[in-house]
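Report on the structure given below.
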Amino acid sequence: MPLAAQRKTLRVHYKDAVEAALADLARHPLTSSSSSSDPITPTVDAVLRYEDALERHLVAAELPQLEREAVRGESRHPKGDATTKADAGQSSSSNSRATYLDHAGAAPVPRSLVEAHLSGLATTLLGNPHSHHDHTASRETGDAIDAARAAVCKHFNVSLRDYAVVFTSGCTGALKLVADCLLTLPLAPNAAPSSVVSEFSYLCDNHTSVLGMRAPAAASGRTVRCIRPDELVSTATAPALNQTSSPSDSARNTLFVYPVQSNFSGEKYPLDWINQLQSAQLQFCPTPATQHNPAQERQPFANTIVCIDASSMAATAAIDLSEHPADLVALSFYKLFGYPTGLGALLVRRTSRVVPLMTKSYFGGGTVEAASATDPFHAPRRDLSARLEDGTLNFQAIAALPLGFAWLDAMARHGQQAAASDQLTSHALRLAVTSGDVSSFRAMHLIALHTHALAVVLARHLEALRSRNGAPVCCLYLGLQTPGEQPHPLRFDSHGAIVTFNVLRADGSTVGYREFEKLAAVRGIHLRGGCFCNPGACQSFLHLTTDDIVRNYKDGHVCWDDRDIIHGQATGAIRASFGATTRLSDIATLLQFVCEMYASDEATFTVPRSLSVTSSTWRDAFILKSIVVFPIKSCGGMSVESWPIGPSGLLFDREWMIVTPTDVCLNQKREPRLALVTPRIDRANSTFSLSATGVQDLVVPLAAMLGDDNSTIQASWCETVVCGDSVSGVVCGEIVNSWLSRFLARPVRLLRCSAANGNRKCTLPIPPTLLQDADATADKPPQVTNAALSLANESPFLLVSEYSMEAVNGWIGERVGGMNDSVFDTKPHVPIDRFRANFVIGPPSTMLAGEVESDVASSLAFVEDHAQSFAIGGTRFVACGPCTRCQMICVDQAKGVVTSEPLETLARFRKHQGRILFGVHLMCDQPDIAQSSSLVELCVDDPVLLTV
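Position one of the sequence shown corresponds to residue 1 (the UniProt record's numbering), numbered consecutively onward.
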């Protein structure tokens, strides 16, 4: 069978297998035959029957064989049929190729929800709720807040008679409020044990928002205990623990915090723990690994206040607080339906022993009934919510919550077709809220079934993937409660809408999560890599000790950096998470990407290779082939025959940038068509011009662009952020802004941010050759160059080599050569302008194309990685390290479109310490050049001397 036909067959089989399995699910619902009162609650046996049906379809499709034979070397973008509409999870401005699999990070914003909310705000006047309620606007606000509190309770199958709803800034804010009330105040020596919380225990698999509660608890003299899931045992299996309790144990209060679903792995922790802890049916029994810690001695749980982090589970499953009455529940609403952000809640059970303990020292806004300014007197409000909600609530955002729950209900009732029907219009949402016809609690059962089925499909496929040598392609992290079970059962009652994994190479080594993220982003796949702010789960699954974490930190690894592999060990994982709007085609897109990139062949993954050279200096092998100036950051380059060196790089290089109306800097990752905008500076005629296909060229005086002509440039300043640095610039004239806005079809402004007027500095380490004193030793923090920097990301100059580019194109040809791939028009070839370098070096004209021996050319490839200095003409530059590459190099500079190469190939062959490398950062070793009255110019064909 031809390769193209095999590819098509593979995609059809993927789709047929998953569609057939879920069709079986529709024909034979996962219902409990013994529970007619709740026909949509699945039993474990029913779920296992579905999984068996799914396995039959996968076997019938013979997927493993097809994967090995049909996807070798394919490099193709996902098609538009993987795209969901605005109410199926995509915003109106989303890329048509986007595959969103980061619902655990944030649910996509439904358009109908935003429209319904804005319509309500436009037609209803909401005033400050602290104003007198005779004020109509204030009363409207009070009613909206009360309706939102009731909707939150209804979502958890309880009422406001059962729980108080305290609005916060989010789940983290809710947990901080718990810490402020229960763990912060010092323990009074004579305090009655029942009047305070004296112990704080938490599950090791918790968000950092829970770990942050340790510090105030320990500082105030409370016992702190970290507990693994297998250290919670039933009193029926450990009766001896009851004998160790003392009379004071029965009176003391313990706060226990755990997530009902892990945000790392998707593992569901039993809701029954709530009831068992409250009735002292669970005991803490340390494992041998933790018994050495005195704080980890065997203890009963008495008077336990149970606080659950519900954010992860509440997004895709029902939590019935009427059956599992947790004392405290923390959550964020953007996890459920994407909007609004910055809003969460703490639910407090009104009959819990925790209610009289929920006091804090700070008060503000409407939290008091009376207060004196001259004496330390205040009387807190008796209503629990009013007592704990400092200041004015975010009432306009709170008004959106009933609409959000109505959206969840509509999605569950009407399925994926709801977005294209009349059931999800803004009017329908408002009508549902007004009529009271919303049951988001019941809706969550259906959403849970849908998302769990997707998790099963993805996990089973990833488990089945094999390299050509038979080695597994993925290592899945599915649960800490059943570490010995292989494969993990993925039961409905024990696993949610998350699949976390790492990709393995054929030799068993781990692919870094940042590499995976970058390559997935090129394909329009949005997921998350790292530890997901859950150090405990990360340590457990990746076998990282505290010593490992401290060592990695001392080696420079911090959260969110690119150090995904250190000392051969993964520092994080890859998480795919689903929501009500996730489709099977999204799963298929991710699976196709994994197959193509990691199960298709046995490509050699290498770090930049070491050189075997006989001379420390390369002569007669390189000249300066081209000089490119980029006046506007992220726009096209201007090739010149000669150009002077300025104070922060090439003269005028990256001195301008394009910003949005909100002063956000645009780059090609956000707007690939910036590549089509070509600025040119004519120094002889003192003009600045802009050109692009389809619009008339614009020519303005250079003096106007430099701010020297007050008649043609607006005297207004703007501040923005570039690579974490705050920069300010002058807004260029309206003529220029209009031209750019017209071409980009969006309102933008052009700013000039001269390095002479800025404070940006190059922070790359000083090369050893520039260290002037003997005190610069390895045990000291590395010194940085502090060279003046324009709007370039990292360094004043960037250099690439044609020899190295030839090697990369050779690798690309080996991977995709001879295939009719949409990435390339003819033969597989990526031009060197993708790397947007100032200097391109290569063979001199005496070494014509084709005359360089292949072994010589091979030996010259990547020699720049190991060079300490470069002499270009009569000017000396020093190397400041290799350039780390991202998705920017996938933008075709001639067409303004995104492709998958060369990043995919570089990730295979040019990966080192979590970074994908190509090119070298430079700084001038003659800083007086820029201050000279006569500018020093570099010229094309200048000889280039590398010192290794």
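Glycine included, every Cβ here is placed at the ideal spot set by N, Cα and C.
Buried versus exposed call for residue i [16 or more other C-beta atoms within 10 Å across all chains shown]
| i | result |
| --- | --- |
| H567 | exposed |
| K911 | buried |
| S738 | exposed |
| F377 | exposed |
| Q696 | exposed |
| C732 | buried |
| L935 | exposed |
| C559 | exposed |
| L113 | buried |
| C665 | buried |
| D942 | buried |
| C883 | buried |
| G479 | buried |
| T136 | exposed |
| N128 | exposed |
| Y362 | exposed |
| T546 | exposed |
| L462 | buried |
| A370 | exposed |
Beta-carbon proximity of residue i to residue j, cut-off 8 Å
| i | j | result |
| --- | --- | --- |
| V878 | V948 | no |
| I574 | L458 | no |
| E389 | V178 | no |
| P631 | E596 | no |
| V522 | Q887 | yes |
| S312 | S262 | yes |
| C533 | L504 | no |
| G344 | G173 | yes |
| W811 | F909 | yes |
| D653 | N838 | yes |
| residue 986 | A455 | Coverage of the chain is limited to positions 1 through 948, which leaves residue 986 absent and any answer about it impossible. |
| D162 | R349 | yes |
| T316 | A497 | yes |
| G636 | T678 | yes |
| L121 | A144 | no |
Through-space distance from residue j to residue i, alpha-carbon basis
| i | j | result |
| --- | --- | --- |
| H132 | S138 | 7 Å |
| P229 | P259 | 11 Å |
| A792 | P380 | 54 Å |
| I398 | H130 | 15 Å |
| L946 | S689 | 36 Å |
| G512 | I565 | 6 Å |
| T510 | F501 | 11 Å |
| V477 | W407 | The identity of residue 477 in the sequence shown is Tyr, whereas the question assumes Val. About 32 Å. |
| P356 | S169 | 23 Å |
| V473 | A151 | 45 Å |
| V840 | F797 | 11 Å |
| Q276 | L282 | 6 Å |
| V808 | L860 | 13 Å |
| A703 | E937 | 21 Å |
| M213 | L182 | 10 Å |
| S642 | T660 | 33 Å |
Closest by C-alpha distance to residue i, when choosing among the options
| i | options | result |
| --- | --- | --- |
| I645 | H130, G874, N128 and V473 | G874 |
| D925 | P108, Q868 and Q893 | Q868 |
| V727 | V748, P765 and S790 | S790 |
| T235 | A218, G212 and A302 | A302 |
| H495 | K268, T123, S332 and S372 | K268 |
| E904 | A506, E517 and L328 | E517 |
| residue 950 | S209, A215 and Y202 | Residue coverage of the chain in this structure runs from 1 to 948, which leaves residue 950 outside it and unanswerable. |
| V897 | I735, C939, T678 and Q668 | Q668 |
| S686 | G694, P701 and H207 | P701 |
| E814 | L799, L906 and F870 | L906 |
| A98 | F541, V699 and G524 | G524 |
| F333 | A192, E369, R225 and C171 | C171 |
| P108 | V730, L624, G404 and A310 | G404 |
| F395 | S801, V944, A148 and I305 | A148 |
Check: Touch check for the segment 153 to 161 and the segment 438 to 446: three-plus C-beta pairs under 8 Å?
Finding: Two segments are said to touch when three or more pairs of C-beta atoms, one from each, lie closer than 8 Å; by this definition the segment 153 to 161 touches the segment 438 to 446.
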